[in-house]
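Final position of the sequence shown in the working numbering is 168; the numbers increase by one with none missing.
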Amino acid sequence: MSNRQSFESFIMLKPHKQGQGVKAEAKGGLAFASQKKSIVALDVMINAWHPNGTIIPAGSKAFVLEDKAVSQAWAKDVRTIEGTDENVIIVPFSEVLFFELPDA
Numbered sequence: 065m066s067n068r069q070s071f072e073s074f075i076m077l078k079p080h081k082q083g084q085g086v087k088a089e090a091k092g093g094l095a096f097a098s099q100k101k102s103i104v105a106l107d108v109m110i111n112a113w114h115p116n117g118t119i120i121p122a123g124s125k126a127f128v129l130e131d132k133a134v135s136q137a138w139a140k141d142v143r144t145i146e147g148t149d150e151n152v153i154i155v156p157f158s159e160v161l162f163f164e165l166p167d168a
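Have a look at this one:
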């Protein structure tokens with residue numbers, strides 16, 4: 065996979081795996097569905113060139129808001145790379161808050 069690269073304003077990430085159903089949050093003796101307030105790490109599946117010129121290597125982590133990782137159209141549009149069983153989502157760089165690059 066190391067020879068694959070993306071040069072667009074998108075990055076290919078491993079889809080987010082949602083938790084086990086709806087989480088309950090108790091308030092004043094009543095149970096409410098809790099909101100997704102976390103930032104989740106998604107695996108970068110293919111080397112990508114960030115618009116600022118930085119290379120984001122496969123194996124990095126891209127951090128996005130959890131609510132967007134489950135509700136946005138791009139999060140629901142899971143694709144399979146032909147000839148593999150790898151599932152990816154195509155995410156605009158503008159949705160990524162920050163990256164964690166692998167140790168060199």
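Beta carbons are placed, not taken as given, at the ideal position from N, Cα and C, and that holds for glycine.
Bear in mind the structure is a predicted one, so any value in this text is a computation, not a measurement.
Within 9 Å, strictly: CB atoms of V104 and V128
Taking 9 Å as the Cβ cut-off, V104 and V128 qualify as a contacting pair.
If you drop the 5 nearest sequence neighbours on each side, which residues of the same chain put their C-beta closer than 7 Å to that of P166?
For P166, where only same-chain residues beyond five positions count, the Cβ hits under 7 Å are P121, G123, S124.
F157 and S102 closer than 9 Å at C-beta
no
If you count every other CB in all the chains shown that lies within 10 Å of the CB of L94, and 16 or more means buried, which is it?
exposed
Residues near M76 by beta carbon distance below 8 Å, same chain, minus five either side:
S70, V108, M109, I110, A112, V152, I153, I154, V155
Strictly by DSSP, which residues pair up with K140?
Paired residues: none, contrary to the question.
With 9 Å as the threshold, decide whether the Cβ of V128 is near any Cβ in chain D.
Absent from the structure is chain D; it holds one protein chain and no more.
In chain order, what residues of the same chain have a beta carbon less than 6 Å from the beta carbon of T144, not counting five sequence neighbours either side?
Result list for T144: N151, in chain order.
When burial is assigned at 16 or more other CB atoms within 10 Å of the CB, is V142 buried or exposed?
Exposed is the call here.
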